[in-house]
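Okay, structure first, notes after.
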Amino acid sequence: MTNPFRNRIMADPWQSDGIDIPEIHSNAFRLCCEAIDTVRSQGHSSSVLLYGETGSGKTHVLHRLREYSLSQPNLHIFGSVRLHTSPNRLWRHLRSSFVESLARTGKNNRTQLELIFLRRLFLLCKKKTITNPEFKHLVHIIQSESRLSPNLCQALLHLICQRHRQVVLDWLKGHSLPESGYSALDIRPPDDTDDPEDVSREMVLELCRLAGATIPVILSFDQIEALQRYPNDIEGIFRFGQAIRTLHDETSNMLLVICIQSSFLGELKAAVAVPDFDAMSCRKTSVVLLTRDEALKVISSRINTLPDNGSDHHDLLQILSKEMTDFVDKNGKTCRAILSRCAEILDNPTETGSSADFKKPEPDPPLDTFLQNELNTREESAYSRPIDPEETDDLLQGVLPSLFHIWDDRCREKDGKLYPDVDMVITCPDADIGISLCNHQSINSLAGKLRRLTQNVPPEKNMRQVLIRHPRLRIPAGAKKVNQYLQQLNDRRVRLISPSREALAALQALRSLLSDARSGDLIHQGKPVHEKTVRNWFKSLKTGPAKTFMEDVLSEKDPLSPEVRKMHLHLLELLEKERIIALTEAAGRMSVDTARLEAFIQTHTPEIGYLEGPPAVLFDIVP
Numbered sequence: 023m024t025n026p027f028r029n030r031i032m033a034d035p036w037q038s039d040g041i042d043i044p045e046i047h048s049n050a051f052r053l054c055c056e057a058i059d060t061v062r063s064q065g066h067s068s069s070v071l072l073y074g075e076t077g078s079g080k081t082h083v084l085h086r087l088r089e090y091s092l093s094q095p096n097l098h099i100f101g102s103v104r105l106h107t108s109p110n111r112l113w114r115h116l117r118s119s120f121v122e123s124l125a126r127t128g129k130n131n132r133t134q135l136e137l138i139f140l141r142r143l144f145l146l147c148k149k150k151t152i153t154n155p156e157f158k159h160l161v162h163i164i165q166s167e168s169r170l171s172p173n174l175c176q177a178l179l180h181l182i183c184q185r186h187r188q189v190v191l192d193w194l195k196g197h198s199l200p201e202s203g204y205s206a207l208d209i210r211p212p213d214d215t216d217d218p219e220d221v222s223r224e225m226v227l228e229l230c231r232l233a234g235a236t237i238p239v240i241l242s243f244d245q246i247e248a249l250q251r252y253p254n255d256i257e258g259i260f261r262f263g264q265a266i267r268t269l270h271d272e273t274s275n276m277l278l279v280i281c282i283q284s285s286f287l288g289e290l291k292a293a294v295a296v297p298d299f300d301a302m303s304c305r306k307t308s309v310v311l312l313t314r315d316e317a318l319k320v321i322s323s324r325i326n327t328l329p330d331n332g333s334d335h336h337d338l339l340q341i342l343s344k345e346m347t348d349f350v351d352k353n354g355k356t357c358r359a360i361l362s363r364c365a366e367i368l369d370n371p372t373e374t375g376s377s378a379d380f381k382k383p384e385p386d387p388p389l390d391t392f393l394q395n396e397l398n399t400r401e402e403s404a405y406s407r408p409i410d411p412e413e414t415d416d417l418l419q420g421v422l423p424s425l426f427h428i429w430d431d432r433c434r435e436k437d438g439k440l441y442p443d444v445d446m447v448i449t450c451p452d453a454d455i456g457i458s459l460c461n462h463q464s465i466n467s468l469a470g471k472l473r474r475l476t477q478n479v480p481p482e483k484n485m486r487q488v489l490i491r492h493p494r495l496r497i498p499a500g501a502k503k504v505n506q507y508l509q510q511l512n513d514r515r516v517r518l519i520s521p522s523r524e525a526l527a528a529l530q531a532l533r534s535l536l537s538d539a540r541s542g543d544l545i546h547q548g549k550p551v552h553e554k555t556v557r558n559w560f561k562s563l564k565t566g567p568a569k570t571f572m573e574d575v576l577s578e579k580d581p582l583s584p585e586v587r588k589m590h591l592h593l594l595e596l597l598e599k600e601r602i603i604a605l606t607e608a609a610g611r612m613s614v615d616t617a618r619l620e621a622f623i624q625t626h627t628p629e630i631g632y633l634e635g636p637p638a639v640l641f642d643i644v645p
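Start counting the sequence shown at 23; every next residue gets the next number (the working numbering).
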């Protein structure tokens, strides 16, 4: 049998282990419910600040709140945001996370977003069926009353009519769409010169206005600590405070639930402005440690998940109850600590004296081995679900500043924007690294960004510039303007880099590892592994796909020569037609030496597959 006290961390309020004990943390939950009632009855937004020790059960309270929102006869909306992102794209991350929550299924097998829109329609007409002209008229009324953009209303119409669902959700999240996507939705493409943070903030506020006064929107925030890119970094926390005050002051139907570790409370209060802290703590309470009686209720609920055997259940409960007498002192223990202790006891048959046969786990490895195993597992998970181009910007801006600082603790991200189209500037001892993220699906948008970079970003003596583009977003040989601007930038020693799929998976794994360490959710031998430990361990690694990618970004490699760029474009054009071709045939059709083409492919083109053979074969790995 599997030990019922293992798998102890609930990292997501949308997940459930099927166990909930209402008496535990009832005060924190009741406070949240009272705040929801206030939002509904008084028509203004409110907040609850929940703080507690690592493993005390904050996410369990959020999960209970989500279940409560679904069980209410009147429509309630629940959303969650984990803040493993960059301070410089906070609103974009918030928008994407909020829309992802709205896209989850609510009642009657409809998404929460559809339910909001349908509820608004019903409140206006009180009829189950309406004609198409009535429908359009009601949409126009909602648009006018809630100050919605025509684009949002158009997207919602597609969603209700079950058309282009994924494209609609991508647009709502702020993802770049190909020209065909905007055409299918009949939506005007965004103005690429607008500040994407401002655009995302307005979309979040629009979606709240869409819900209207009668539908409370509960939005929870977790892993706020992960906004810190390096020790003593307060910029992300400060901006988070500003964002919370905006949501509090500029909406009338939101309950904002902010979860932090108790040890972080003073740091949070010191980092944000006083009005911002007030906005995030209209109500505040601690998620308290469990008493012995509460511990026994948790233990009993876990034992009851085992296959039915009354005598064994009773014996285990008696053994663990006796252990809790000394283990849970007068100050209490966290739920995680109680579960960890019970798991250890049940893993040792000599301690239980029970006939229950639990699968004995492997002993915890040394810390270095544990961290390497964690990284490997997370890399494999990320690799099995490849990072989409739409996720790449958030990933790179969220993790690169931390990794560069680990690499050299003198490296810092500049928080002020030097130029609008330079997304990140990392200040290092020898030079600044200006990074422009070019993961546009629209060739026209990409061309616009590259044109602005050539015209508006003069060569800086002390700044090396790089462009980063997802390997799946290959630039067609026929995209003449794009290739023209790339050549101009190339002549100014601006390099275009495509991270490998392995590098993206490694960066995703490291981001989650660092985020969990900062927020106390990385556990080894029953205790949290601190962020400093993870940073020191990563710095000691000799190699790996993430370090290889960082070295590439930091290096002063020469850009591709015009001749090599021409060869690259010719090869891409050939593979667009053939998809798979022998190396020798490709070299012959391109009039290039075979050895030279082979060396180029092995070092420059992650979007082109290569099999050594014999015979050596090239293939297009971009779908």
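Don't be surprised by glycine CBs; every beta carbon is placed ideally from N, CA and C.
Pick from K306, H115, F139, L179 that is closest to N154, judged by C-alpha positions: Taking the first residue of the sequence shown as 1, we reach residue 154 at position 132. Answer by Cα proximity: L179.
Secondary structure of E598, DSSP reduced to three states: Stepping through the sequence shown from its first residue, residue 598 is reached at position 576. Here E598 sits in helix by DSSP.
Straight-line gap, R86 to E56 (C-alpha atoms, nearest Å): Translated into the one-based positions of the sequence shown, residue 86 becomes position 64. Translated into the one-based positions of the sequence shown, residue 56 becomes position 34. Rounded to whole angstroms, the separation of the alpha carbons of E56 and R86 is 14 angstroms.
Same chain, Cβ closer than 6 angstroms to V444, five either side skipped, listed in chain order: Walking along the sequence shown from the start, residue 444 turns up at place 422. G456, S458, listed in sequence order.
Nearest-angstrom Cα separation, counted from K502 out to D34: If you number the sequence shown from 1, residue 34 lands on position 12. If you number the sequence shown from 1, residue 502 lands on position 480. Counting only the Cα atoms, K502 lies some 46 angstroms from D34.
Bounding residues of the alpha helix (DSSP H) (the contiguous stretch that carries S533): Within the sequence shown, the letter at position 511 stands for residue 533. Residue 533 is actually Arg in this sequence, not Ser. 523-540 is the span of the alpha helix (DSSP H), which, as asked, contains R533.
Alpha helix (DSSP H) segments (min. 4 residues) lying fully within the region 302-369: 314-325, 332-349, 357-368
Inter-residue Cα distance where the pair is S171 and T236: Here residue 171 refers to the residue found at position 149 when the sequence shown is read from its first residue. Here residue 236 refers to the residue found at position 214 when the sequence shown is read from its first residue. Approximately 21 angstroms, taken between the alpha carbons.
Beta-bridge pairing of S242 - partner residues as DSSP gives them: Numbered from 1 along the sequence shown, position 220 holds the residue referred to as residue 242. Answer is S102, V279.
Contact under 9 angstroms by Cβ, H66 with P238: Counted from its first residue, the sequence shown places residue 66 at position 44. Counted from its first residue, the sequence shown places residue 238 at position 216. Taking 9 angstroms as the Cβ cut-off, H66 and P238 do not qualify as a contacting pair.
Cβ-Cβ distance between F571 and A638 below 9 angstroms: Walking along the sequence shown from the start, residue 571 turns up at place 549. Walking along the sequence shown from the start, residue 638 turns up at place 616. No, these two residues do not count as a Cβ contact at 9 angstroms.
Spatial distance of K149 from R88 (CA atoms): For the purposes of this step, residue 149 is identified with residue 127 of the sequence shown, where counting begins at 1. For the purposes of this step, residue 88 is identified with residue 66 of the sequence shown, where counting begins at 1. Computed Cα separation, rounded: 29 angstroms.
Secondary structure of P218, DSSP reduced to three states: Numbered from its first residue, the sequence shown carries residue 218 at position 196. Helix, per DSSP.
Alpha helix (DSSP H) segment containing T273, residue limits: Within the sequence shown, residue 273 is the residue found at index 251, counting from 1. Here T273 belongs to no alpha helix (DSSP H), and DSSP marks it neither H nor E.
Sufficient close CB pairs (3 or more, under 8 angstroms) joining the region 575-585 to the region 505-521: yes
Validate contact between the region 133-144 and the region 90-104 using beta carbons, cut 8 angstroms, 3 pairs: yes
8 angstroms contact criterion, which V226 and L116 should meet: CB distance rounded: Taking the sequence shown and counting its residues from 1, one reaches residue 226 at position 204. Taking the sequence shown and counting its residues from 1, one reaches residue 116 at position 94. At roughly 6 angstroms, the Cβ-Cβ gap stays under 8 angstroms, so V226 and L116 are in contact.
L229 and L174 closer than 9 angstroms at C-beta: Counted from its first residue, the sequence shown places residue 229 at position 207. Counted from its first residue, the sequence shown places residue 174 at position 152. Yes, the pair counts as a contact, with Cβ atoms nearer than the cut-off.
Completely contained beta strand (DSSP E) runs for the region 435-476, where each covers 3 or more residues: 446-449, 454-459
Alpha-carbon spacing of E345 relative to Q264, whole angstroms: By 1-based counting over the sequence shown, the position of residue 345 is 323. By 1-based counting over the sequence shown, the position of residue 264 is 242. Cα to Cα, E345 sits roughly 47 angstroms from Q264.
Nearest candidate by alpha-carbon position, reference S302, set I259, I409, P329: Working through the sequence shown from its first residue, we reach residue 302 at position 280. Note on identity: in this sequence residue 302 is Met, with Ser being the wrong assignment. Minimum Cα distance to M302 is reached at I259.
V488 - partner residues in DSSP beta bridges: By 1-based counting over the sequence shown, the position of residue 488 is 466. In the DSSP output, where bridge partners are listed per residue, V488 has I457, R517.
Contacts around K80, its chain only, beta-carbon distance under 6 angstroms, and the 5 residues preceding and following it disregarded: As a first step, residue 80 is located in the sequence shown; it is residue number 58 there, counting from the start. Only L72, G74, C281, V309 meet the Cβ criterion.
Per-residue burial, C54 [other beta carbons within 10 Å of its own, 16 or more giving buried]: Counted from its first residue, the sequence shown places residue 54 at position 32. Answer is buried; the Cβ neighbour count reaches 16.
Contact under 9 angstroms by Cβ, L181 with G128: Locating residue 181 in the sequence shown gives position 159, where the first residue counts as 1. Locating residue 128 in the sequence shown gives position 106, where the first residue counts as 1. No, they are not a contact pair.
Cutoff 7 angstroms; reference A531; Cβ partners in own chain excluding five residues on either side: Within the sequence shown, numbered from 1, the residue matching residue 531 stands at position 509. In its chain, beyond the 5 residues on either side, L397, R400, E401, A404 have a beta carbon closer than 7 angstroms to the beta carbon of A531.
Between the CA atoms of R540 and P26 - distance to the nearest angstrom: By 1-based counting over the sequence shown, the position of residue 26 is 4. By 1-based counting over the sequence shown, the position of residue 540 is 518. Those two C-alpha atoms are separated by around 27 angstroms.
Classification of L563 by the beta-carbon crowding that lies within 10 angstroms, buried from 16 upward: For this step, residue 563 is matched to residue 541 along the sequence shown. So L563 ends up on the exposed side.
Cα-Cα separation, V479 to P211: Along the sequence shown, read from residue 1 onward, the residue named residue 479 stands at position 457. Along the sequence shown, read from residue 1 onward, the residue named residue 211 stands at position 189. Near 24 angstroms, if we compare the C-alpha coordinates of P211 and V479.
Which of helix, strand or coil DSSP assigns to H590: Taking the sequence shown and counting its residues from 1, the one referred to as residue 590 is at position 568. It is helical.
Residue closest to R305, alpha-carbon to alpha-carbon, out of D213, V70, E573: As a working note, residue 305 is residue 283 in the sequence shown. It is V70.
Cβ pair count under 8 angstroms reaching 3, the region 540-552 against the region 586-603: no
Beta bridge counterpart(s) of S68 as assigned by DSSP: The sequence position of residue 68 within the sequence shown is 46, counting from 1. In the DSSP assignment, S68 forms a beta bridge with L277.
Where the beta strand (DSSP E) through D255 begins and ends: As a working mapping, residue 255 is identified with position 233 in the sequence shown. Run containing D255: none; DSSP gives neither H nor E here.
Residue of P253, S166, P218 minimising C-alpha distance to R114: If you number the sequence shown from 1, residue 114 lands on position 92. Measuring from the Cα of R114, the nearest candidate turns out to be P218.
Where the alpha helix (DSSP H) containing V83 begins and where it ends: Within the sequence shown, the letter at position 61 stands for residue 83. V83 -> alpha helix (DSSP H) spans 80-93.
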